[in-house]
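Q: Starting off with a structure, shown below.
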Amino acid sequence: MKNTDVFNDFDMVVSITEKTINDQLTHLLRMGTIHPELIIIQTYDKKTKKYAFKVCKSTDEIPLNDEGGPVRPTISVDIQPQVTISSSGKIITFIIKFLDGNAWFWDQPGPDAELVKYDAKGWQYAIAINMALTQLPKDGSGNIKAPDFVKNQLDKFTSNMFDISHLFMDFQATDLMSYDPIKTKTDSAGDFGKEQLVNFMKAYLTWLTETGNPYILGYSITQNDKTTVSKDEKVPDSLRPTGTTFTMFNDNKNPALSTLNFALVTKGGYGKIKKNPDIFDTNWISPQDQCDAKMIYAASRFSEEFVMKPLFNKLNDDTYNALKGSLTLGPKKSYQQARKATSTGYSFEIFNQDAVSDKYQNNLEVAITNHPAEIHYDVKGNIFVKKINTTNMGFCEAEASAQASTGWHANFIVKVAKDKDGNPALAFEQFVSIDSHNASTDKNGCAKFWSAIGDILDALLSVFKIFDLGSLTSIITNVFRTNIPGIGDINVALGNLDNSFNGAVMLPAGGVFFFKNPSADATGNVSLSLTYKTDSKVAATARKFQQKFMALKGKRRVSLAAIK
Numbered sequence: 002m003k004n005t006d007v008f009n010d011f012d013m014v015v016s017i018t019e020k021t022i023n024d025q026l027t028h029l030l031r032m033g034t035i036h037p038e039l040i041i042i043q044t045y046d047k048k049t050k051k052y053a054f055k056v057c058k059s060t061d062e063i064p065l066n067d068e069g070g071p072v073r074p075t076i077s078v079d080i081q082p083q084v085t086i087s088s089s090g091k092i093i094t095f096i097i098k099f100l101d102g103n104a105w106f107w108d109q110p111g112p113d114a115e116l117v118k119y120d121a122k123g124w125q126y127a128i129a130i131n132m133a134l135t136q137l138p139k140d141g142s143g144n145i146k147a148p149d150f151v152k153n154q155l156d157k158f159t160s161n162m163f164d165i166s167h168l169f170m171d172f173q174a175t176d177l178m179s180y181d182p183i184k185t186k187t188d189s190a191g192d193f194g195k196e197q198l199v200n201f202m203k204a205y206l207t208w209l210t211e212t213g214n215p216y217i218l219g220y221s222i223t224q225n226d227k228t229t230v231s232k233d234e235k236v237p238d239s240l241r242p243t244g245t246t247f248t249m250f251n252d253n254k255n256p257a258l259s260t261l262n263f264a265l266v267t268k269g270g271y272g273k274i275k276k277n278p279d280i281f282d283t284n285w286i287s288p289q290d291q292c293d294a295k296m297i298y299a300a301s302r303f304s305e306e307f308v309m310k311p312l313f314n315k316l317n318d319d320t321y322n323a324l325k326g327s328l329t330l331g332p333k334k335s336y337q338q339a340r341k342a343t344s345t346g347y348s349f350e351i352f353n354q355d356a357v358s359d360k361y362q363n364n365l366e367v368a369i370t371n372h373p374a375e376i377h378y379d380v381k382g383n384i385f386v387k388k389i390n391t392t393n394m395g396f397c398e399a400e401a402s403a404q405a406s407t408g409w410h411a412n413f414i415v416k417v418a419k420d421k422d423g424n425p426a427l428a429f430e431q432f433v434s435i436d437s438h439n440a441s442t443d444k445n446g447c448a449k450f451w452s453a454i455g456d457i458l459d460a461l462l463s464v465f466k467i468f469d470l471g472s473l474t475s476i477i478t479n480v481f482r483t484n485i486p487g488i489g490d491i492n493v494a495l496g497n498l499d500n501s502f503n504g505a506v507m508l509p510a511g512g513v514f515f516f517k518n519p520s521a522d523a524t525g526n527v528s529l530s531l532t533y534k535t536d537s538k539v540a541a542t543a544r545k546f547q548q549k550f551m552a553l554k555g556k557r558r559v560s561l562a563a564i565k
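What the sequence shown shows, in the working numbering, is residues 2 to 565, in sequence order.
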């Protein structure tokens with residue numbers, strides 16, 4: 002699917018790189034949400050004559066023989082979980098890397114088997130996992146495994162009646178024996194060792210589903226009719242998410258830039274999810290972007306909602322209302338009727354009436370261009386109006402006319418600025434200029450006998466002043482102070498835009514997104530490159546966990562410094 006075709010069913014896309022996801026998993030590991038030490042013991046149930054597995058919290062739980070070695074098959078390793086988006090769709094490859102430690106496996110099947118110790122450093126286990134996005138219960142986030150400060154943030158959203166869904170690896174919906182034989186590595190343990198590793202890891206993943214799955218890749222936050230939002234965080238309905246789904250994109254050329262993509266609908270847009278997005282043709286993120294994620298707004302929810310519709314509606318309404326008392330006019334055009342796509346943006350035929358006695362043409366063109374840290378909407382407009390009055394004087398036909406023509410241009414700029422705290426914020430600038438304005442009257446020779454014609458022409462010229470330098474400039478410059486739906490001033494809407502993406506998708510370790518480099522295509526779809534800043538609580542939680550873990554460590558030292 003052509004990427005922008007997604008906006009036929011969705012209003013926004015948040016695209017997050019594989020590298021960003023893995024950075025988040027590392028944060029969860031350092032904070033202890035994902036335990037950095039994996040210890041599993043294989044046991045044998047004589048009654049059922051079946052092998053079973055036990056996941057331990059400490060090496061102290063490993064039964065040892067007189068020589069200090071395990072008496073049963075055992076894995077005792079430091080781990081680093083990672084994901085690989087190896088295919089587009091809804092399946093992700095989950096890889097658990099063994100950074101250090103040992104494994105004790107049977108050297109062969111049968112009664113003659115002996116336990117052999119293997120250096121497990123460099124081993125890894127890989128399996129294709131189904132992803133699932135499900136809504137958390139309304140009674141809070143206590144049932145998920147996440148850092149406490151992340152739970153507190155989620156609870157804050159739920160208390161304000163937001164709906165929260167979490168995207169997680171669904172081990173229950175996956176065949177845990179269908180591991181990836183190419184990415185799974187056991188080195189010297191051979192194929193038989195690999196078979197045993199698969200059984201051990203199946204036990205681990207099954208245990209996670211029973212005790213709390215920490216492998217959450219993100220949270221989607223959507224609003225409903227009961228949601229409460231403070232004035233400082235309010236965004237237009239066009240940017241208020243009300244539904245979310247997801248898809249993944251595999252980038253063969255730049256694997257680390259493969260993306261997890263949240264597709265969202267908004268209150269002012271489609272409202273509800275009607276289908277899952279198809280697979281994208283290309284990556285939303287390129288190496289040149291130098292970002293962790295990207296937010297893409299449909300043209301209908303940003304460029305049209307913030308710039309083109311308010312401008313069109315204001316010009317359409319104000320000029321029509323000013324003229325309709327003096328000219329006989331047909332019906333106004335709607336925004337959709339007037340709009341036509343061009344190679345650089347859009348053209349609008351606001352009005353085009355060429356009647357004999359009542360002429361009115363009002364057109365504008367919008368070219369959308371990108372500049373460093375800025376999006377420009379360059380607008381050129383032309384207005385022409387003419388009224389012809391005639392009357393039969395009995396001995397001749399008197400005719401008199403008044404007309405006005407105006408050419409104007411404006412430059413509307415969405416740019417990166419700084420908010421009161423020094424963080425990036427979007428701001429709006431506008432420049433309006435009247436290039437030409439001509440107003441004139443004309444009459445034939447018979448009209449000199451028409452005593453009222455002077456007052457008629459003066460009245461028309463007075464009406465046509467709406468198109469002169471002061472009046473038209475005032476109309477255009479005031480468009481964006483009051484006409485953004487649900488907000489009013491465009492600077493308020495843009496100033497709160499960070500709430501649009503930080504209030505739509507939340508990273509599992511609680512990072513906060515900042516944006517840079519706004520850009521738009523000719524259609525008006527707008528993208529913001531996002532970089533995330535790790536919350537200070539992440540580092541604090543990681544330090545506390547490391548101190549606690551090292552104090553309670555078992556017999557084998559676990560090196561958190563080895564986690565990269």
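Here a beta-carbon is modelled for each residue, glycine too, at the ideal position from N, C-alpha and C. All figures in this text were calculated on a predicted structure; none of them were measured in a lab.
Note down, in chain order, each residue of its chain lying with its Cβ closer than 6 Å to the Cβ of Asp-420, except the 5 sequence neighbours on either side.
A: Ala-426
Q: Relative to the alpha-carbon of Thr-175, which residue among Ile-435, Phe-150, Lys-295 and Leu-206 has its alpha-carbon at the smallest distance?
A: Leu-206
Q: Quick one: give me the first and last residue of the beta strand (DSSP E) that Leu-531 is part of.
A: 527-534
Q: Indicate whether Thr-18 and Thr-248 have their beta-carbon atoms separated by less than 9 Å.
A: no
Q: Taking the C-alpha atoms as reference points, what is the distance between Ser-77 and Asp-120?
A: Roughly 10 Å between the two C-alpha positions.
Q: Run through the DSSP bridge pairs and tell me what Thr-44 is partnered with.
A: Ala-53
Q: Please check the pair Met-13 and Leu-265, which I expect to be a contact at CB under 8 Å, by giving their CB distance rounded to whole angstroms.
A: 4 Å
Q: Please return the same chain residues whose Cβ sits closer than 7 Å to the Cβ of Lys-534, not counting the five positions on each side in sequence.
A: Gly-512, Val-513 and Phe-515
Q: Suppose you measure from the CA of Pro-311 to the CA of Val-480; what does that come to, to the nearest Å?
A: 6 Å
Q: Near Phe-385, which residues of its chain fall below 6 Å by C-beta distance, leaving aside the five closest residues on each side in sequence?
A: Gln-362 and Ser-406
Q: Determine the extent of the alpha helix (DSSP H) in which Ile-35 is found, giving its start and end residues.
A: From DSSP, Ile-35 is part of no alpha helix (DSSP H); its letter is neither H nor E.
Q: Helix, strand or coil: which one does DSSP assign to Thr-283?
A: coil
Q: Assuming Tyr-249 is part of the beta strand (DSSP E), what are its boundary residues?
A: One point to set straight first is that residue 249 is Met, not Tyr, in the sequence displayed. From DSSP, the beta strand (DSSP E) with Met-249 extends over 242-250.
Q: Within 10 angstroms of the Cβ of Lys-565, are there 16 or more other Cβ atoms? Answer buried if so, exposed if not.
A: With a pLDDT of 40 at Lys-565, under the threshold of 50, the predicted position of this residue should be treated as unreliable, though the coordinate-derived value follows. It is exposed - the Cβ of Lys-565 has fewer than 16 other Cβ atoms within 10 Å.
Q: Looking at the secondary structure, which residues open and close the beta strand (DSSP E) in which Thr-18 lies?
A: 13-18
Q: Which term fits Phe-95, buried or exposed, when burial requires 16 or more other beta carbons within 10 angstroms of its beta carbon?
A: It is buried - the Cβ of Phe-95 has at least 16 other Cβ atoms within 10 Å.
Q: Please list, in chain order, all residues of the same chain as Asp-108 whose beta carbon is under 7 Å from its beta carbon, the five residues on each side excluded.
A: Closer than 7 Å at Cβ, skipping near neighbours: Ala-114, Glu-115 and Val-117.
Q: Measure the C-alpha to C-alpha separation of Thr-267 and Ile-369 and round it to an integer number of angstroms.
A: Roughly 24 Å between the two C-alpha positions.
Q: Could you check what DSSP says for Ile-266 in three-state terms: helix, strand or coil?
A: Rather than Ile, the amino acid found at residue 266 in this sequence is Val. Here Val-266 sits in strand by DSSP.
Q: Look at Ala-356 and Ala-399 and say whether their C-beta atoms are less than 9 Å apart.
A: no
Q: If Thr-34 sits next to Pro-148, beta carbons under 8 Å apart, how far is it from one beta carbon to the other, in whole angstroms?
A: 6 Å
Q: State buried or exposed for Tyr-180, treating a residue as buried only when at least 16 other CB atoms are found within 10 Å of its CB.
A: buried
Q: Measuring only the C-alpha atoms, how far is Glu-430 from Met-178?
A: 59 Å
Q: Whole-angstrom Cβ separation of Val-151 and Asn-500, contact assumed at under 8 Å?
A: 18 Å between Cβ atoms; not a contact.
Q: Ends of the alpha helix (DSSP H) at Ser-166?
A: Here Ser-166 belongs to no alpha helix (DSSP H); instead the beta strand (DSSP E) covers 164-171.
Q: Specify the secondary structure class of Asn-353 as computed by DSSP and reduced to three states.
A: strand
Q: Kindly indicate which three-state DSSP category Ile-476 falls into: helix, strand or coil?
A: helix
Q: How big is the Cα-Cα spacing for Gly-326 and Asp-436?
A: 27 Å
Q: Using a Cβ-Cβ cutoff of less than 6 Å, which residues in the same chain neighbour Val-15 once the five nearest sequence positions on both sides are dropped?
A: Phe-263, Met-296 and Val-506
Q: Mind checking Thr-283: buried by the 16 CB within 10 Å criterion, or exposed?
A: Thr-283 should be labelled exposed.
Q: On a CA-only basis, which of Asn-424, Tyr-378, Ser-358 and Lys-58 is nearest Thr-329? Give me that one, please.
A: Ser-358
Q: Can you tell me which residues form a DSSP beta bridge with Leu-134?
A: BP columns for Leu-134 point to Leu-168.
Q: For the alpha helix (DSSP H) containing Thr-185, list its first residue and its last residue.
A: Neither: Thr-185 is in no alpha helix (DSSP H) and is coded neither H nor E.
Q: Using only the alpha-carbon positions, how far apart do Ile-63 and Gln-25 sit?
A: 31 Å
Q: Please report the Cβ distance between Ala-339 and Thr-524, rounded to the nearest whole angstrom; I am assuming they are in contact, meaning their Cβ atoms lie under 8 Å.
A: Rounded, the Cβ-Cβ distance is 17 Å, inconsistent with contact.
Q: Taking 6 Å as the limit between beta carbons, can you name the residues of its chain near Ala-104, skipping five residues before and five after?
A: Ile-76, Tyr-119 and Ala-121
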